[in-house]
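Chains as they are written, first to last, in my numbering: chain X, 836 to 988; chain P, 836 to 988; chain Z, 416 to 497; chain H, 416 to 497.
Before any comments, here is the structure.
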Amino acid sequence: MAAPLLTIELDPGPFQPLAALEGWHSQLRTRLDGLPAAESSFVGRVRPHTSAGQPLAALELEHYPGMTETQLQHLAAAAASAPEVAAVLVRHRIGRVLPGDPIVLVAVAADRRGPAQRCCQELLEALKHEAPFWKREWLADGSGHWLGGNTPL
Amino acid sequence: MAAPLLTIELDPGPFQPLAALEGWHSQLRTRLDGLPAAESSFVGRVRPHTSAGQPLAALELEHYPGMTETQLQHLAAAAASAPEVAAVLVRHRIGRVLPGDPIVLVAVAADRRGPAQRCCQELLEALKHEAPFWKREWLADGSGHWLGGNTPL
Amino acid sequence: MGHTPELRVLLFAALRERAGWRERQLAATRGATPTTVWGQLGLEPADPAATIRVAINQRFARWDSPLAGGDELAFLPPISGG
Amino acid sequence: MGHTPELRVLLFAALRERAGWRERQLAATRGATPTTVWGQLGLEPADPAATIRVAINQRFARWDSPLAGGDELAFLPPISGG
Numbered sequence: 836m837a838a839p840l841l842t843i844e845l846d847p848g849p850f851q852p853l854a855a856l857e858g859w860h861s862q863l864r865t866r867l868d869g870l871p872a873a874e875s876s877f878v879g880r881v882r883p884h885t886s887a888g889q890p891l892a893a894l895e896l897e898h899y900p901g902m903t904e905t906q907l908q909h910l911a912a913a914a915a916s917a918p919e920v921a922a923v924l925v926r927h928r929i930g931r932v933l934p935g936d937p938i939v940l941v942a943v944a945a946d947r948r949g950p951a952q953r954c955c956q957e958l959l960e961a962l963k964h965e966a967p968f969w970k971r972e973w974l975a976d977g978s979g980h981w982l983g984g985n986t987p988l
Numbered sequence: 836m837a838a839p840l841l842t843i844e845l846d847p848g849p850f851q852p853l854a855a856l857e858g859w860h861s862q863l864r865t866r867l868d869g870l871p872a873a874e875s876s877f878v879g880r881v882r883p884h885t886s887a888g889q890p891l892a893a894l895e896l897e898h899y900p901g902m903t904e905t906q907l908q909h910l911a912a913a914a915a916s917a918p919e920v921a922a923v924l925v926r927h928r929i930g931r932v933l934p935g936d937p938i939v940l941v942a943v944a945a946d947r948r949g950p951a952q953r954c955c956q957e958l959l960e961a962l963k964h965e966a967p968f969w970k971r972e973w974l975a976d977g978s979g980h981w982l983g984g985n986t987p988l
Numbered sequence: 416m417g418h419t420p421e422l423r424v425l426l427f428a429a430l431r432e433r434a435g436w437r438e439r440q441l442a443a444t445r446g447a448t449p450t451t452v453w454g455q456l457g458l459e460p461a462d463p464a465a466t467i468r469v470a471i472n473q474r475f476a477r478w479d480s481p482l483a484g485g486d487e488l489a490f491l492p493p494i495s496g497g
Numbered sequence: 416m417g418h419t420p421e422l423r424v425l426l427f428a429a430l431r432e433r434a435g436w437r438e439r440q441l442a443a444t445r446g447a448t449p450t451t452v453w454g455q456l457g458l459e460p461a462d463p464a465a466t467i468r469v470a471i472n473q474r475f476a477r478w479d480s481p482l483a484g485g486d487e488l489a490f491l492p493p494i495s496g497g
């Protein structure tokens, strides 16, 4: 059983989820024996309002250079431990992200739909709680405040 | 609460999942107030071998014109009953589908990741078991046989 | 006596191929149900309810649902979508 | 006596802003742990373990993990990724 192909990138600027998936598919076509039968993916975008309901000007994403990348690799490898999982893609924004912009993309290619869906879901939860990222909400008046945790599932 | 936007299409020829998602996003940008915060999607592709492990020449998908479309609408509406679900996309092949080709795409846009993921997963299971589609596996020697059910989850 | 509209019976996939036909028109007899029509048409297996589902006018129905003239009755082998 | 390499201490996000600094070098005293360093630096809150996590050399660690000179110690406020 070949180890799953893990592709993980932090994006300091905007990324397009569909372009990211297209590039990943090209990579899989080269590295695997064609695209696997099941592909599950998730895209998270910045809401237009703060957790307190005010209009959001931007979301700032801080990370821990070095540890964040290593930790994402660990989390992806752990979530992809089912033998059916062939490949995992993670894209995650850092820096200033505007309302409506993609902030995270997780995609999993597997030989069966169950492992694809489970791995995608588990990895998303894992990175929300176990990868060192911190969000600050910025308002139009220039004030900002750090979030104390994540949105509920 | 607006009813979720249901977009359901049967495709008699090949479709590109990423192009389908791009068209759907354009539609959502026009019809909704921007793209929702959470989007979960699933793509199923034809395996290169039959359920018995032989090389597959093609998969044929028969449906029940009229009932299949109606039933997909019912199943999508039922799976999208959570108030956070804003839109659902289903694309499903009919006719002759080649190994590696996309056969089904389900995408769900919602205000939260939980409802997006659950709706996507439930709708996929529902259409596999409750929408009138039948698969026939064709071998290179011109013989074909109808499948008696679905692959396990 | 007026003309009674007939039942339209449809078969799909393996069921259609095994029977050798896709569609038949049938007089709607009083008290007809999918079970009686299945027997009347001599379809196999003799006890279909375990594997075959029925739809009346394109909605899933029960094997003992009453049928009326003009109805579209379909016998559906095991579904394999997605 | 040789030169003892120092501890490097990092703060992130709300923690960094509250403290007013991002990084400090500190002599690694014998028996040092994240708990002793936290107290030594006078960081708030006094009982951090309920909300703050620690990483040593970029891996999650315990508040009572032993520290050695040259280690990178980071205090991490509640994570909100994804």
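Ideal placement from N, C-alpha and C gives every residue a C-beta, glycine not left out.
Residues that DSSP places opposite T903(X) in a beta bridge: According to DSSP, T903(X) bridges with nothing at all.
Within 9 Å (strictly less), CB to CB, does L988(P) reach chain X? yes
Closer than 8 Å between beta carbons: that is the criterion. Which residues of the region 872-904 of chain X meet it against chain P? A872, A873, E874, S875, S876, F877, V878, G879, R880, V881, R882 and P883
Give me the residue from T466(Z), W478(Z) and V452(Z) with the minimum Cα distance to L982(P). T466(Z)
Close-in-space but distant-in-sequence residues of the same chain around A912(P) (CB under 7 Å, 5 per side omitted): L841
Who are the neighbours of E857(P) on chain X, taking C-beta pairs under 8 Å? L853
Can G879(P) and L940(P) be called in contact, C-beta distance under 9 Å? yes
Mapping DSSP to helix, strand and coil, what is Q440(Z)? strand
Return the CA-CA distance between D486(H) and G435(H), expressed in angstroms with no decimal places. 22 Å
From T1022(P) to D976(P), what distance separates their C-alpha atoms? Lying outside 836 to 988, the shown extent of chain P, residue 1022(P) is not represented and no answer is given.
Cβ closer than 7 Å: which chain P residues qualify as neighbours of G983(X)? Ordered by position in chain P, no residue passes the 7 Å Cβ test against G983(X), which lies about 18 Å from the chain.
Spell out whether any CB of chain X is found under 9 Å from the CB atom of R948(P). yes
Closer than 9 Å at the beta carbon, the chain X residues around L959(P): R948 and Q952
Three-state secondary structure assigned by DSSP to E965(P): helix
Reducing DSSP to helix, strand and coil, say where A913(X) ends up. helix
Reduced DSSP secondary structure (H/G/I, E/B, other) of S480(H): coil
What in chain P is Cβ-close to L870(X), meaning under 7 Å? R880 and G935
Cβ closer than 7 Å: which chain X residues qualify as neighbours of A429(H)? W981
Quick check: I843(P) and L896(P), are their CB atoms within less than 9 Å of each other? no
Considering only the beta carbon of each residue, do L456(H) and R439(H) sit closer than 9 Å? yes
H980(P) to G496(Z), Cα distance in whole Å? 15 Å
Contact defined as beta carbons within less than 8 Å: I believe Q908(P) pairs with P967(P). What is the distance between those atoms, to the nearest angstrom? Rounded, the Cβ-Cβ distance is 13 Å, inconsistent with contact.
If you draw a straight line from the alpha carbon of L926(P) to that of E957(P), how long is it in whole angstroms? Reading the sequence as shown, one finds Arg at residue 926(P) and not Leu. Near 15 Å, if we compare the C-alpha coordinates of E957(P) and R926(P).
Inter-residue Cα distance where the pair is A837(X) and P871(X): 14 Å
Same chain, Cβ closer than 7 Å to E421(Z), neighbours up to 5 away in sequence not counted: Q440, L441, A442, A443 and G484
Look at the alpha carbon of R953(X) and the alpha carbon of P918(X), and state the distance between them as a whole number of angstroms. 13 Å
Out of G984(P), L988(P) and K970(P), state which residue places its alpha-carbon closest to the alpha-carbon of V881(P). K970(P)
Taking Q956(X) as the query, report the chain P residues whose CB atoms sit under 7 Å from its CB, ordered along the chain. Q952
Can the beta-carbon of M902(P) be found less than 9 Å from the beta-carbon of R474(Z)? yes
Comparing the C-beta of L488(H) with each C-beta of chain X, is any distance below 9 Å? no
Proximal residues to R948(P) (C-beta, below 6 Å), its chain only, five neighbours per side dropped: A873
Less than 9 Å between the beta carbons of R783(P) and A887(P), yes or no? In the structure as shown, chain P starts at 836 and stops at 988, and residue 783(P) therefore has no counterpart that could be examined.
Counting along the chain, where does the beta strand (DSSP E) carrying V932(P) start and finish? G930 to V932
Between the alpha carbons of F877(P) and S861(P), how many angstroms are there, rounded? 19 Å
Does the Cβ of L962(X) have 16 or more other Cβ atoms within 10 Å, making it buried, or fewer, making it exposed? buried
Would you call P460(H) buried or exposed, if buried means 16 or more other Cβ atoms sit within 10 Å of its Cβ? exposed
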